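Taken in sequence, the protein lines are chains A and B.
Counting from 1, position 62 in the first sequence corresponds to residue 62 in this note's numbering; the numbering is continuous, with no gaps.
Counting from 1, position 59 in the second sequence corresponds to residue 362 in this note's numbering; the numbering is continuous, with no gaps.
Here's the structure we're looking at; comments come further down.
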Amino acid sequence: MSHAMAIETTGLTKRYGSIEAVRGLDLQVPAGSICGLLGSNGAGKTTTLKMLVGLTRPSAGTGYVLGRRIDDRNDSVAIRQRTGFVSEGKELFEYMTVAESIRFTSAFFPAWKPDVVSRCLERFGLSTSARVATLSKGMRGRLYLLLVLARGAEVLLLDEPTDGLDPAAIEAFLQLLVGLVAESGATVLFSSHRLAEIEQVADRIAILNRGQIVLNDSLDALQSQYQRVHIVFDAEIPAAALALARTRSGSSDGRTLSLLVGSEVESVVEQARAWHARAVDVAPVTLKEIFLEKTKTSKGRDV
Amino acid sequence: MFFKPNAASGVPIYLQLMDQVKHAIETGALRPGEQLPGLRKVAEQLVMNPNTVAKAYRELEHEGVIDLRQGTGAFVAERADRRREQRFHSAQPVLEAAVRRLAALGISEDEMRRLFESEMTRLREKRRAGQR
């Protein structure tokens, strides 16, 4: 167990009856990073986060958060004391006011940060006298995030935290999050379906597909590693090029071949010239393209 | 001083920030010896990852554009502008001529960018072949 990793799992598995929600997950999140956890619906993101925070027990394999074992009872309590968890449900105390919710929650967390509370109240535009039961869905989301961000957690596990928020609230939340990370060096594991917000604030990406990790790397490395190569031929696309496209999950349209290429861009370009391609273009790739390719090929649909 | 990077462009954000700092130095918005905003300030203003800001600053130091001083922050290197200015000064007419000729051929801006990118790849490929 390396201390450079705030979160590390090996062979983490969760079975519900005959269904394997998470299958032999090996995930590493370095301390101080913001890691985007991506995956289609049912890919195992929520189950993974719940296992990390001790809300459900792994069927096999194990993991560590801040050096503590997630499947050890005592360690799990220690993990929860130092971790903030945003769950999908976003449960709140309905009968309290915003101010009462804040005061009540603060009592449980010794590292509570009043300055984060005031920053959140201001940027989220929350009124402290409002009763929780009367808040709109967006305002509930903001209060919930305030209560998690202010607890001085060393690790934040966020399950679709921006779900139901308007664009202004999302931007305010992301700003609070990066400020918090800059200030305290907290580690964030952040699941979302909005690839744009992940691209904006994450420095690492983990992509889950059908319960398995298909990619776990730094975003910069991914963006400089993957490129889209367009090859235009004078005549029909050579069979060898089509064969290459099949292994690179490419697509062809008339005399044009489009490939998503990893570290071997140069060799593909070289190959294209050997085939007397008329033109070869290389363009940068967005996280969305990488995500779609990664979750497509590993399902085996495209091969 | 800086504007929000375009996260969806596919160009790594630390490279975009590095370009912005260099541009600010070229235009004189940042002068030699002046201090750059701190990691947290940049991260909050541009809503980006503080580690990414740190990476951009480290790379800029590596290129001799800024100096990182322990505990006090990042400063524009003395003469950073002049060295870069001179290099840019000689490069600019070359590029201008090329762009003008491409435009005369009816090549669009977007096509120029892609041609440039593919030419850079070809250059890297040649360099790599030369090393073998």
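Yeah, the Cβ is synthetic: ideal placement off N, Cα and C, and Gly gets one too.
Here the structure is a predicted model, which is why all the values come from computation and not from measurement.
* Asked: How is A:Y226 classed by DSSP in three states: helix, strand or coil?
  -> coil
* List in chain order: all unbroken alpha helix (DSSP H) runs of 4+ residues lying wholly within the segment 344-430 of chain B. => 353-365 and 383-407
* Mind checking who A:R246 pairs with in its DSSP beta bridge? => In the DSSP output, where bridge partners are listed per residue, A:R246 has none listed.
* Along the segment 278-293 of chain A, what residues have a CB closer than 7 Å to any CB found in chain B? -> Listed by position along the chain: V280, D281, V282, A283, P284, V285 and T286.
* To do: Classify A:I290 as helix, strand or coil using the three-state DSSP reduction.
  => helix
* Asked: Under a three-way DSSP split, which group does A:P30 fall into?
  -> strand
* Specify, as a first and last residue, the run of the alpha helix (DSSP H) that A:R255 falls within. => Counting along the chain, A:R255 falls outside any alpha helix (DSSP H), and DSSP gives it neither H nor E.
* Can you grab the Cα-Cα spacing for the pair B:N413 / A:S118, in whole Å? => According to the sequence displayed, residue 413 of chain B carries Asp and not Asn. Roughly 46 Å between the two C-alpha positions.
* Does the beta carbon of A:S2 sit closer than 9 Å to a beta carbon anywhere in chain B? -> The predicted model places A:S2 with a pLDDT of 46, which falls under 50 and marks its position as unreliable, so this point remains unresolved.
* To do: Report yes if the CB atom of B:A346 is closer than 9 Å to the CB atom of A:G152, and no otherwise.
  => no
* Asked: By Cβ distance, which residues of its chain are closer than 6 Å to A:T128, with the 5 residues on each side in sequence left out?
  -> V98 and A99
* B:P308 to A:S18, Cα distance in whole Å? -> Taking the straight line joining both Cα atoms gives about 46 Å.
* Asked: DSSP beta-bridge partners for A:E20?
  -> A:R15
* Using a Cβ-Cβ cut-off of 9 Å, state whether A:M265 counts as contacting chain B. => According to the sequence shown, residue 265 of chain A is Val rather than Met. Yes, because at least one Cβ of chain B sits closer than 9 Å to the Cβ of A:V265.
* Within the 9 Å Cβ cut-off, does B:M351 reach chain A? -> yes
* To do: Pull out every residue of the segment 22-53 of chain A whose Cβ sits closer than 7 Å to any Cβ of chain B, in chain order.
  => G32, S33 and I34
* Cβ of A:D220 less than 9 Å from any chain B Cβ? -> yes
* In the segment 324-349 of chain B, which residues sit with their C-beta less than 7 Å from some C-beta in chain A, listed in chain order? -> L342, R343, A346 and E347
* Cβ of B:V402 within 9 Å of any chain A Cβ -> Taking Cβ atoms only, chain A never reaches closer than 9 Å to B:V402, which makes this a no.
* The beta strand (DSSP E) enclosing A:Y95, as first and last residue numbers -> Taken as a continuous stretch (DSSP letters only), A:Y95 belongs to no beta strand (DSSP E), as it is neither H nor E.
* To do: Please list the partners that B:S312 has in chain E, where partner means a Cβ-to-Cβ separation under 9 Å.
  => Considering every chain present, this structure includes no chain E. Its protein chains are A and B.
* From which residue to which residue does the alpha helix (DSSP H) around A:N74 run? -> R73 to Q81
* Asked: Listed from N- to C-terminal order along the chain, which residues in the segment 401-422 of chain B have their beta-carbon within a distance smaller than 7 Å of any beta-carbon of chain A?
  -> R417, E420 and S421
* Expected contact under 8 Å - CB spacing of A:I79 and A:M51 to nearest Å -> Not a contact, Cβ separation roughly 11 Å.
* Asked: A:E160 CB to nearest chain B CB: under 9 Å?
  -> no
* Between the C-alpha atoms of A:R255 and B:F419, what's the straight-line distance to the nearest angstrom? -> 22 Å
* Leaving out five residues on either side along the sequence, give the residues of the same chain with a beta carbon under 7 Å from the beta carbon of B:L405. => M415
* Would you report the Cα separation of A:G61 and A:E8, rounded to the nearest angstrom? -> In this model, A:G61 and A:E8 are separated by some 11 Å (Cα to Cα).
* Using the beta-carbon of each residue, which ones in chain A are nearer than 7 Å to B:Y317? -> D220
* Asked: In angstroms, rounded to a whole number, what distance separates the CA positions of A:L156 and A:F85?
  -> CA-CA distance, A:L156 to A:F85, rounds to 6 Å.
* According to DSSP, which residues form a beta bridge with A:P284? -> A:Q227
* Asked: Among A:T56, A:L49, A:G36 and A:G89, which has the Cα closest to the Cα of A:R73?
  -> A:T56
* Asked: Under 9 Å between the Cβ atoms of A:R126 and A:L143?
  -> Strictly speaking, residue 126 of chain A in this sequence is Leu, with Arg absent from that position. Going by C-beta atoms, A:L126 is nearer than 9 Å to A:L143.
* **Where A:S191 falls: helix, strand or coil (DSSP)** => strand
* Asked: What is the DSSP secondary structure of A:E8, counted as helix, strand or coil?
  -> Strand, per DSSP.
* Scan the segment 160-189 of chain A for residues whose Cβ lies nearer than 7 Å to a Cβ of chain B and list them as they occur along the chain. => E171, L174, Q175, V178, G179, V181, A182 and E183
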